[in-house]
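Protein chains in written order, with our numbering: chain A, 715 to 990; chain B, -8 to 310. Below is one structure, written out as structure tokens; the observations come after it.
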Amino acid sequence: MNTTTSRLQVTMNYLLIVLCSAVAVYPLIGILLASFYPAEQGVSPSGFGLPPSFDWQNYVTAWDQGRFSEYFTTSVVVAAVMVPASVVLSILGGYAFATMRFRGSKVIFYLFILGLIIPTEATIVPLYYDVQAMGLIDTYWALIILEVSGEVAFGIFWMRAAFLSAPPSLLEAARIDGASSWRALWRILVPFAKPAILTLTVLTFADSWNEFFLALVFTVNHMTAPAGLASFSGKYTTQIALVSAAAVIVALPILIVFIIFQREFMRGMLTGAVKG
Amino acid sequence: MEAEPAVASRAVAVGSRRRRPSRRPEYLPGESRRIGYLYVAPAFILYAAFNLFPLGQGINLSFYRWDGITPGTWVGLQNYREFFTDPAIREGYNHVLKLMVFYSFLPIVLGLFLAAVLSRIRIRGLTFFRVLLFLPLVITDVVTSVAWIWMYDVDGPIATALRHIGLGALVPSNGWLGDFNTALPAVGIFGLWGQFGFCLILFLAGVMKIPASLYEAARVDGANAIREFFAVTLPGLRYELQVVLVLSVIGTLGTFDEIYVLTSGGPGTATIVPAYTIWSRLFNLGQVGSAAALGIVLMLIVFAVTFVLNRLLERGAER
């Protein structure tokens, strides 16, 4: 009797998790399939069954006429500069907070921590006029600078924790060797913290790729992929197939990164959530 | 909410007195070195210039009436007084409170329930399911919003399914997002969909860390599944709960992306939220001083909520 109930329970559990996963992916699979529907005809994707044919035309239209080739480039350029910059600054800052004592270090660290919960809405109004005064509206630089300055708060917090988990003997050895603080960081601590750095890199990329609010406020023509998608979806409300193709284009890079680095992603999101 | 992956830890750092079991002192070998300033400087200068400094500017700006072009006039606390008198602002916060049910309460309850059920048996291929469950959180809000515009469309899958089973009358003529009565709950369901997978996985991971001996002890005591849940699982997950609660509540307060894409605050003002009000006052209405004041107020509310929630939850846990 015991075995039958447990077998029933096993089946129920699998049904349950399959159901949950199905709910999670259904809307996403839905627009993936919708993107292959012919744009012009009256056949609209209802969410049940496959498209009449697998037609790439919507992707071509979105990429060329929808200007997604440009939006995509903006996102790539911003991420390519922003991610390394943010990660390096976070390593440097995290290193100092983890291993050095200097006047005011506690206060400065708490100021960074504060940045973890200051909502962008609180600074966006003056920022808009600051960026305008610097002549950076609608440039890559506006996004790069603002994204880095927002991301370092978390990055420093993250790297400090990573360096703090290094065995003190590691640093001790370097000090006895007479290594400079710079060498000790790059030769000893950075290799030690490689997994944490990889996780931070992946998460920073995700934040950059998914950033929407800043792009909406600061760009006009040089929109990032998500901002481009938002404006595209507003313009072509009736062309579900075409908008879906654009959405798939925007989702693809983050999806690929997520699948390749799923371990880092999960670790970052879960331990990042629970550490504190 | 901004999916804002890991940044989770933000939630618990503020106002938290929790002493984590750590074998390490706060500051390591604590070598006194001035060179520390040099390492911190690049990040701090950037951070201060584009976060702290604008915060000060924002506070200053919030005391002015300014259209963004002509010189502003000092109005003192007028913009803050609006917070209590302007029905549009009150409406936004009212909506956010309702959204919290979907963004915070329901995902937590659902996640807890599912985690409790699922954790009783080892699931093969959990990694695969975890990837699927994480997708709504990982993929850009704008993309998932586009997917849900389609979901809620009058010809979308939900409407089609309802018509198929003869319940076509339930489909609003403008779709769920275009209907005054259903738009806000529709946004809420979108949020629930985006959150529950994360809650489930976080709680599942947390349950795995609860020592099996506690469960065995509970079973020896003759506890049934429900008592076991309240006696062992729930207390074991209190830290995860705190994180999710604080995070999701402050995330909801700042909701913007999906509102912009799904409904633009509409129909009418049926889904307006504080962040959207700030954005539209800044760009569409030229009420810059008011937008700045609303931003500061939103921040103060976020600070207060984070602080109070962390304190309350920790006091609850200490009992």
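Ideal placement from N, C-alpha and C gives every residue a C-beta, glycine not left out. Nothing here was measured: the structure is a model prediction, and the numbers come from that model.
ask   = Name the chain A residues whose beta carbon is nearer than 9 Å to that of M290/B?
value = In the second sequence, counting from the first residue as 1, residue 290/B sits at position 299. In chain order: I831, I832, P833, E835, A836 and T837.
inquiry  = As a quick exercise: from V934/A, A799/A and L746/A, pick the residue whose alpha carbon is nearest that of Q846/A.
reply    = Sequence index remark: in the first sequence, residue 846/A carries index 132 (1-based). Per the Cα distances, V934/A.
ask   = Residues of chain B with CB under 9 Å from M848/A, in chain order?
value = Numbered from 1 along the first sequence, position 134 holds the residue referred to as residue 848/A. Simply none; closest approach about 11 Å.
task = Spell out the partners DSSP gives W777/A in its beta bridges.
result = As a first step, residue 777/A must be located in the first sequence, where it is residue number 63. Paired residues: none, contrary to the question.
task = Kindly indicate the opening and closing residues of the alpha helix (DSSP H) around K89/B.
result = Position 98 of the second sequence, counting from 1, holds the residue named residue 89/B. Taken as a continuous stretch (DSSP letters only), the alpha helix (DSSP H) holding K89/B covers P78 to M91.
message = Quick check: is the beta carbon of I731/A nearer than 7 Å to any beta carbon in chain B?
response = On the first sequence, position 17 is the one that residue 731/A refers to. I731/A counts as touching chain B.
Simplified DSSP state of T254/B, which is helix, strand or coil = Mapped onto the second sequence, residue 254/B falls at position 263. Coil.
request  = Please determine, among T243/B, S271/B, G277/B and T131/B, the residue with the shortest C-alpha to C-alpha distance to Y94/B.
outcome  = Along the second sequence, one-based indexing puts residue 94/B at 103. Out of T243/B, S271/B, G277/B and T131/B, T243/B has the C-alpha closest to the C-alpha of Y94/B.
ask   = With C-beta atoms as the reference, is L133/B less than 7 Å away from F946/A?
value = For the purposes of this step, residue 133/B is taken as residue 142 along the second sequence, with counting starting at 1. For the purposes of this step, residue 946/A is taken as residue 232 along the first sequence, with counting starting at 1. Sequence check: residue 133/B is Val here, not Leu. No. Outside cutoff.
ask   = Can you check whether the CB of L930/A is closer than 7 Å to the CB of A941/A?
value = Looking up residue 941/A in the first sequence gives position 227. Looking up residue 930/A in the first sequence gives position 216. Closer than 7 Å, so yes.
request  = Reducing DSSP to helix, strand and coil, say where T135/B ends up.
outcome  = Taking the first residue of the second sequence as 1, we reach residue 135/B at position 144. It is helical.
query = Quick one: which chain B residues come within Cβ less than 8 Å of M980/A?
reply = As a first step, residue 980/A must be located in the first sequence, where it is residue number 266. Ordered by position in chain B, the residues that pass the 8 Å Cβ test against M980/A are R121, F125 and I192.
ask   = Going by alpha carbons, who is nearest to L253/B out of A208/B, A266/B, V237/B and A138/B?
value = Taking the first residue of the second sequence as position 1, residue 253/B is located at position 262. Ranking A208/B, A266/B, V237/B and A138/B by Cα distance to L253/B puts A138/B first.
Beta carbon of G49/B nearer than 7 Å to that of I269/B = Position 58 of the second sequence holds residue 49/B. Position 278 of the second sequence holds residue 269/B. Not in contact: G49/B and I269/B (Cβ atoms no closer than 7 Å).
task = Can you have a look at H155/B and say buried or exposed, based on whether 16 or more other CB atoms are within 10 angstroms of its CB?
result = As a first step, residue 155/B must be located in the second sequence, where it is residue number 164. It counts as exposed.
key: Unbroken stretches of the alpha helix (DSSP H), 4 residues or longer, contained in the segment 924 to 953 of chain A   = 927 to 932 and 939 to 949
ask   = Considering only the beta carbon of each residue, do F762/A and G808/A sit closer than 7 Å?
value = Indexing the first sequence from 1 puts residue 762/A at position 48. Indexing the first sequence from 1 puts residue 808/A at position 94. Result no, Cβ atoms of F762/A and G808/A do not sit closer than 7 Å.
inquiry  = So, does the segment 288 to 300 of chain B touch the segment 228 to 244 of chain B, judging by three or more C-beta pairs under 8 Å?
reply    = yes
ask   = In whole angstroms, what is the alpha-carbon distance linking F220/B and S720/A?
value = Indexing the second sequence from 1 puts residue 220/B at position 229. Indexing the first sequence from 1 puts residue 720/A at position 6. So the two alpha carbons sit approximately 18 Å from each other.
ask   = On the premise that I870/A lies in contact with S804/A, defined as a C-beta separation below 8 Å, what is that separation, rounded to the nearest angstrom?
value = Here residue 804/A refers to the residue found at position 90 of the first sequence. Here residue 870/A refers to the residue found at position 156 of the first sequence. At roughly 5 Å, the Cβ-Cβ gap stays under 8 Å, so S804/A and I870/A are in contact.
ask   = Helix, strand or coil: which one does DSSP assign to W770/A?
value = Here the question's residue 770/A lines up with position 56 in the first sequence. Three-state DSSP puts W770/A in coil, outside helix and strand.
key: Beta-carbon proximity of G256/B to N70/B, cut-off 7 Å   = Taking the second sequence and counting its residues from 1, one reaches residue 256/B at position 265. Taking the second sequence and counting its residues from 1, one reaches residue 70/B at position 79. Their beta carbons are not under 7 Å apart, which means G256/B does not touch N70/B by this criterion.
message = Within 8 Å, do at least three Cβ pairs link the segment 974 to 981 of chain A to the segment 911 to 918 of chain A?
response = yes
message = Which of the three DSSP states is assigned to M715/A in this structure?
response = Locating residue 715/A in the first sequence gives position 1, counting from the first residue. Reliability of the predicted coordinates at M715/A is poor, the pLDDT of 40 falling under 50, and the value obtained from them is presented with this limitation in mind. In this structure, M715/A counts as coil in the three-state DSSP scheme.
task = Just the chain A side, please: which residues come within less than 8 Å of M142/B by C-beta, in chain order?
result = As a working note, residue 142/B is residue 151 in the second sequence. Those are P741, G744 and G761, listed as they occur along chain A.
task = Please confirm whether E861/A and S922/A have their CB atoms less than 7 Å apart.
result = Here residue 861/A corresponds to residue number 147 of the first sequence, with the count starting at 1. Here residue 922/A corresponds to residue number 208 of the first sequence, with the count starting at 1. Yes, the Cβ-Cβ distance between E861/A and S922/A is below 7 Å.
key: 7 Å Cβ cutoff met for T224/B and A39/B   = As a working note, residue 224/B is residue 233 in the second sequence. As a working note, residue 39/B is residue 48 in the second sequence. Against a cut-off of 7 Å, the Cβ pair of A39/B and T224/B comes out as no contact.
key: Limits of the unbroken alpha helix (DSSP H) element including P765/A   = On the first sequence, position 51 is the one that residue 765/A refers to. From DSSP, P765/A is part of no alpha helix (DSSP H); its letter is neither H nor E.
key: Cross-chain neighbours of A295/B in chain A, by beta carbon under 8 Å   = Translated into positions along the second sequence, residue 295/B becomes position 304. Neighbours of A295/B on chain A: none; closest Cβ ~11 Å, over 8 Å.
query = Any idea which residues DSSP pairs T64/B with across the strands?
reply = Numbered from 1 along the second sequence, position 73 holds the residue referred to as residue 64/B. In DSSP, T64/B forms a bridge with R56/B.
ask   = For G807/A and chain B, any beta-carbon pair shorter than 7 Å?
value = Position 93 of the first sequence, counted from the first residue, corresponds to residue 807/A. Yes, G807/A lies at the interface with chain B (some Cβ there is under 7 Å from its Cβ).
task = Could you list which residues in chain A have their beta carbon closer than 7 Å to that of Y28/B, in chain order?
result = Taking the first residue of the second sequence as 1, we reach residue 28/B at position 37. Near Y28/B (Cβ distances below 7 Å), the residues of chain A are F816.
inquiry  = I need the straight-line Cα distance from Y251/B to N924/A, nearest angstrom please.
reply    = For the purposes of this step, residue 251/B is taken as residue 260 along the second sequence, with counting starting at 1. For the purposes of this step, residue 924/A is taken as residue 210 along the first sequence, with counting starting at 1. Going by the C-alpha atoms only, they are around 15 Å apart.
query = Nearest chain A C-beta to P148/B closer than 7 Å, yes or no?
reply = The count along the second sequence starts at 1 and reaches residue 148/B at position 157. It does; some Cβ of chain A falls within 7 Å.
message = Taking contact to mean 3 or more Cβ pairs, one atom from each stretch, closer than 8 Å, check whether the segment 878 to 893 of chain A and the segment 785 to 796 of chain A are in contact.
response = no
inquiry  = Would P909/A and L289/B be called neighbours here (beta carbons separated by less than 7 Å)?
reply    = As a first step, residue 909/A must be located in the first sequence, where it is residue number 195. As a first step, residue 289/B must be located in the second sequence, where it is residue number 298. Contact: no.
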